[in-house]
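K.L.:
Residue numbers (this note's numbering), protein chains in the order written: chain A, 1 to 173; chain B, 174 to 581; chain C, 582 to 782; chain D, 783 to 1104.
1. Does the distance from the CB of residue 874(D) to the CB of residue 867(D) come in under 8 Å?
2. Which value, in whole angstroms, describes the spacing of the CA atoms of residue 1062(D) and residue 990(D)?
3. With a threshold of 16 other CB atoms inside 10 Å of the CB of residue 80(A), please say whether the residue is buried or exposed.
4. Identify whether residue 18(A) lies in helix, strand or coil by the three-state DSSP scheme.
5. Taking the beta strand (DSSP E) that residue 638(C) falls in, what are its first and last residues?
6. Using a Cβ-Cβ distance cut-off of 8 Å, determine whether residue 255(B) contacts chain A.
7. CB residue 687(C) to CB residue 622(C), shorter than 8 Å?
8. Along chain C, which residues have their Cβ under 9 Å away from the Cβ of residue 124(A)?
9. Taking the continuous beta strand (DSSP E) assigned at residue 608(C), which residues delimit it?
10. Within 10 angstroms of the Cβ of residue 57(A), are there 16 or more other Cβ atoms? Answer buried if so, exposed if not.
11. With DSSP run on the structure shown, which of helix, strand or coil describes residue 414(B)?
12. Classify residue 635(C) as buried or exposed, calling it buried when 16 or more other Cβ atoms lie within 10 Å of its own Cβ.
13. Between residue 834(D) and residue 855(D), is the Cβ-Cβ spacing less than 8 Å?
14. Which residue marks the beginning of the beta strand (DSSP E) containing residue 604(C), and which one marks its end?
15. If residue 553(B) sits next to residue 208(B), beta carbons under 8 Å apart, how far is it from one beta carbon to the other, in whole angstroms?
16. So that I know if they touch, is there some Cβ in chain A lying closer than 8 Å to that of residue 236(B)?
17. Starting from the N-terminal side, write out each stretch of the alpha helix (DSSP H) that is 4 residues or longer and does not extend beyond the region 1029-1092 of chain D.
18. Is residue 128(A) helix, strand or coil when you go by DSSP?
19. Distance, Cα to Cα, residue 349(B) vs residue 696(C)?
20. With a cut-off of 8 Å, do at least 3 Cβ pairs link the region 729-749 of chain C to the region 672-684 of chain C?
21. Measuring alpha carbon to alpha carbon, tell me which residue in 28(A), 29(A), 75(A) and 66(A) is nearest residue 41(A).
22. Could you tell me the boundaries of the beta strand (DSSP E) in which residue 328(B) lies?
23. Fully enclosed by the region 201-231 of chain B, which beta strand (DSSP E) runs are 3 residues long or longer?
24. With distances taken Cα to Cα, identify the nearest neighbour of residue 1025(D) among 1093(D), 1092(D) and 938(D).
25. Does residue 760(C) come out as helix, strand or coil in the three-state DSSP assignment?
26. In its own chain, which residues sit with a C-beta less than 8 Å from the C-beta of residue 295(B), not counting the 5 before and 5 after it?
27. With a threshold of 16 other CB atoms inside 10 Å of the CB of residue 756(C), please say whether the residue is buried or exposed.
28. Would you list, in chain order, the members of the region 72-86 of chain A that have their beta-carbon closer than 8 Å to a beta-carbon of chain D?
29. Who does residue 518(B) pair with in a DSSP beta bridge?
30. What are the boundary residues of the alpha helix (DSSP H) that includes residue 592(C)?
31. So what's residue 296(B) in DSSP terms, helix, strand or just coil?
32. Taking all protein chains shown into account, do 16 or more other C-beta atoms lie within 10 angstroms of the C-beta of residue 709(C), making it buried, or fewer, making it exposed?
33. How long is the line joining the alpha carbons of residue 514(B) and residue 533(B), rounded to whole angstroms?
34. Nearest to residue 421(B) by CA position, among 271(B), 368(B), 312(B) and 223(B), is which residue?
35. Apart from the five residues just before and just after residue 60(A), which ones in its own chain have a Cβ nearer than 7 Å to its Cβ?
36. If you draw a straight line from the C-alpha of residue 237(B) to the C-alpha of residue 124(A), how long is it?
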């Protein structure tokens, strides 16, 4: 319906129009789905190292991720987003990938901290140099560790990304 | 996706001898404080055998430190026990200073003591938060983080970082305290005791909390000692072992404080010990703030951040018997003494020991970290045996482990 | 008791076991032969004048590149402390390269269990009589002992777990598990970098 | 025509209850947030008002994973059992005088039956997931339901004796003559037992053992994702609503209030239910969790004897007076 342009419609934003008097909004389902997803990101509780402490801090009173609708879930089956908070050692990598595989689509990965982004200071035999070697990453949040504000910024970037997606839902339902 | 035909469920049913039910808890589990894995053999919910598995955060610290200078390896210690990173920094610096024979000015010692005790407070707050959350009291978690945030702001005022400080230097500290820091810290330690009371009203008189903690995870003093448990867990069992008293470092011999001791050695005793320690930390900080001496913050013989390996080659007038005309090249002199040393400090978790071997160069030949959490996790097998799953969770919380330090 | 006095006591009690005494920055280390280590440590623990009830640390040292102080190729270093008497001593058991093994002290301190496992894991020193000598920090199928001096910092080869994982990921890619085709705008989310998604089991 | 009206009533009730459930989660997050010096949802809609809608939309469009090794049929129907059982017990609740879908004479028994049936859903979910955490969650739930269903039933026997009926509307009407128009004071022991059993029945803190997050990850619902998980979630909140309603009806005098509110007869009922819901949330923010054996001990050693004593005393008093 995107091509149809009726002059009496008021264009609210890209793809969403309002018919005055008819009490109705026209828009692709995409928008609604993306809005729902962006507004309710449930990350999996998975702290690996130092960054996990800042992640907990971001969820605590002062910064309160719950404001964005972000609620930590313990089970990967109910998670939407995997925050890789900390160093991914080689022993951990298969486990991490497994947690990622257990998550239902659409799933997002947020690499938090230098270690998850690139291995950080730990260029040793036991550390994976960046989590993007084993799973696709949506947002990188650098820092060692990133401040909670930086994590929030990362989540906002993720929301922006989700809002721009196209029909990410069609394949699974 | 093709759905395979129905399979028989793999949930075991009691079958004579073979009644054990094995459960792998972690590494991704909300109560394992990071990436601890615990393999359990269960009979119903009773734990028959508990095998902790670590190493999921092994980063090769000791190997890495051998490839770095002493000054560079300091930043690694931040990432050991990232909850009380300052205490690790201080412990590391104390050890290296003793190894290399570097003196520290008095003011730096006091500042370090303050910083280490703040670190203890922030670590104990996080411990209380997660321990309470594990037992199910979620509000305590957020209340603790509220105060921890003030502490982190103070750390930021002190050194600009929230979690990984690298603030102490070998031979002193990086920068002096500001007057604002001193004022704010004074204000914080004034209000903090009332906040501790707040947590205690939430949990300490709560019958459910008492039922969950009293008599759970008992360890006698001798057992705890044999298992290598240190810190508040050992003191909860009644053994008076606190390195701040036993082998004082920094300004701990200048201040007056008590070492709280428990007697029962259960989860509740450890909890009480740590709560009391928070009061004692406040006492130490207050004394240090009052006595803070003026003076330099870094010693004269402290090494440069870029630690030279050897003394620069220099020319010296030769003093041979053929006259003073000849010039001699002096090189290849070790700047540092060689030998080995074990220095332990009392970090929030327990005894953090550094065993160094120096070969005279600017890099440690070998650095071994004796981490308290490693020992505590190994003790989990003994502590949790015979309890229920819920007790295991309470025990993990009360042993206060941090995997970064355990796995190194 | 002074550390030196303890070393003398050891010397008197086990004259043929003691190789050398090292003193550095006020700490004393005693180099010993590995054969009777349990006996020596047991004596230190139980003797009324010693009462070294706390095994502070146990670690292995590779002496391969050590200029001075190293007697054998490997060392196992025990740091002992007496909580009651507040004195300490370090025992350095010397091991040869051919047979890096020593008796386990788990019977004396149950906490030595994991310390010995760690030493085995990272240094490759075997402990005879240990109840469960497996790797503790590294995966069971890891090759090599990282803390040995000849082991490079970045490791030799890749751990089989990682290569398995990578093979699996490549397989997924080959099967065309393209989770999605990001739209023209989807790839751009401000200045945050985005990655391509691959793999879906 | 009556069928159509009936259907209309059902639709209205279901929609109202579902919206209520959605917003119950919102209020829970907001209230707990306030108690924990946070704000709760703020960004999705004005003060986060659209948060439950966003959660719902997201869950609906989420991939639905059914583990390969799970018992496929049971896995699929378990959340449905839960939700249907909870929803059908709504039918007998009298929200105000005459505002009831099915005014049956065994209303209280029907609700017990249904809430026991909902427990089947939980147990089946735990069993069929073929996951150990789920299994433990299901086992714990089973044990918990068995012991607390008894305590709860017994705690309400006093009310039945006093009201002389199992019909919920009758129970409310009978309370009109009582002190303050409610059975709270004469049945205070019963209320005490009921309140604790209610928390246990709905799997709320301090009895949230079947889904104890820090012990069993997510308990019986560990393997559930997307909408199936949302169904459990809804069932749990409808369960809370149910129990709060029963508490209101049996102990707090249902729709009776100090004065009648025009145009909206269920005003007092709704207010009392909200009071209960607030208590649920308040307790969640305050108390730690019980241990499994302690929970059973509490149920069998304290609540059931108390409830039995309450029955004896109530019956005795009734025999003496009546």
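Beta carbons: idealized from backbone N, C-alpha and C, even for Gly.
These figures come from a predicted structure and were not determined experimentally.
P.N.:
According to the data block:
1. Position 92 of the fourth chain, counted from the start, is the residue given in the question as residue 874(D). Position 85 of the fourth chain, counted from the start, is the residue given in the question as residue 867(D). No, these two residues do not count as a Cβ contact at 8 Å.
2. Residue numbering aside, residue 1062(D) sits at position 280 when the fourth chain is read from its first letter. Residue numbering aside, residue 990(D) sits at position 208 when the fourth chain is read from its first letter. If you take the alpha carbons of residue 1062(D) and residue 990(D), they lie about 12 Å apart.
3. In the first chain, counting from the first residue as 1, residue 80(A) sits at position 80. Result: buried.
4. The residue given as residue 18(A) occupies position 18 in the first chain. Looking at residue 18(A) - three-state DSSP - the assignment turns out to be strand.
5. The count along the third chain starts at 1 and reaches residue 638(C) at position 57. Residue 638(C) -> beta strand (DSSP E) spans 635-643.
6. Working through the second chain from its first residue, we reach residue 255(B) at position 82. It does; some Cβ of chain A falls within 8 Å.
7. As a first step, residue 687(C) must be located in the third chain, where it is residue number 106. As a first step, residue 622(C) must be located in the third chain, where it is residue number 41. Not a contact, by the Cβ cut-off of 8 Å.
8. Reading the first chain from its first residue, position 124 is the one you call residue 124(A). Chain C residues near residue 124(A): 727, 734, 735 and 736.
9. As a working mapping, residue 608(C) is identified with position 27 in the third chain. Element bounds for residue 608(C): 608-613.
10. On the first chain, residue 57(A) is found 57 positions in, with the first residue counted as 1. It counts as buried.
11. The residue given as residue 414(B) occupies position 241 in the second chain. Note: residue 414(B) maps to coil in three-state DSSP.
12. On the third chain, residue 635(C) is found 54 positions in, with the first residue counted as 1. Classification for residue 635(C): buried.
13. Indexing the fourth chain from 1 puts residue 834(D) at position 52. Indexing the fourth chain from 1 puts residue 855(D) at position 73. Going by C-beta atoms, residue 834(D) is not nearer than 8 Å to residue 855(D).
14. Residue 604(C) sits at position 23 when you count from the first residue of the third chain. Where residue 604(C) is concerned, the enclosing beta strand (DSSP E) stretches over 599-605.
15. Reading the second chain from its first residue, position 380 is the one you call residue 553(B). Reading the second chain from its first residue, position 35 is the one you call residue 208(B). 14 Å between Cβ atoms; not a contact.
16. For the purposes of this step, residue 236(B) is taken as the residue at position 63 of the second chain. So, interface residue.
17. 1049-1068 and 1074-1079
18. Against the first chain, residue 128(A) aligns to sequence position 128. Residue 128(A) falls in the coil class under three-state DSSP.
19. In the second chain, residue 349(B) corresponds to position 176, counting from 1. In the third chain, residue 696(C) corresponds to position 115, counting from 1. About 39 Å.
20. no
21. Taking the first chain and counting its residues from 1, one reaches residue 41(A) at position 41. The shortest Cα separation from residue 41(A) among 28(A), 29(A), 75(A) and 66(A) belongs to 66(A).
22. Counting from 1 along the second chain, the entry for residue 328(B) is found at position 155. First-last for residue 328(B): 311-332, but that is the alpha helix (DSSP H), not the beta strand (DSSP E).
23. 210-216 and 219-226
24. Numbered from 1 along the fourth chain, position 243 holds the residue referred to as residue 1025(D). Comparing Cα-Cα distances from residue 1025(D) to each of 1093(D), 1092(D) and 938(D), the minimum goes to 938(D).
25. If you number the third chain from 1, residue 760(C) lands on position 179. Caution applies to residue 760(C), whose pLDDT of 45 falls short of 50 and renders its modelled position unreliable; the model cannot decide the point.
26. By 1-based counting over the second chain, the position of residue 295(B) is 122. 256, 257, 321, 324, 325 and 328.
27. Reading the third chain from its first residue, position 175 is the one you call residue 756(C). So residue 756(C) ends up on the exposed side.
28. 73, 74, 75, 77, 78 and 80
29. For the purposes of this step, residue 518(B) is taken as the residue at position 345 of the second chain. Beta-bridge pairing links residue 518(B) to 525(B).
30. Mapped onto the third chain, residue 592(C) falls at position 11. Where residue 592(C) is concerned, the enclosing alpha helix (DSSP H) stretches over 584-594.
31. On the second chain, residue 296(B) is found 123 positions in, with the first residue counted as 1. In this structure, residue 296(B) counts as helix in the three-state DSSP scheme.
32. Position 128 of the third chain, counted from the start, is the residue given in the question as residue 709(C). When all chains shown are included, residue 709(C) counts as exposed.
33. Translated into the one-based positions of the second chain, residue 514(B) becomes position 341. Translated into the one-based positions of the second chain, residue 533(B) becomes position 360. Roughly 13 Å between the two C-alpha positions.
34. By 1-based counting over the second chain, the position of residue 421(B) is 248. Of 271(B), 368(B), 312(B) and 223(B), the residue nearest in Cα terms is 271(B).
35. If you number the first chain from 1, residue 60(A) lands on position 60. If we look at residue 60(A) and ignore the five residues flanking it on each side, it has no Cβ neighbours.
36. As a working mapping, residue 237(B) is identified with position 64 in the second chain. As a working mapping, residue 124(A) is identified with position 124 in the first chain. Taking the straight line joining both Cα atoms gives about 7 Å.
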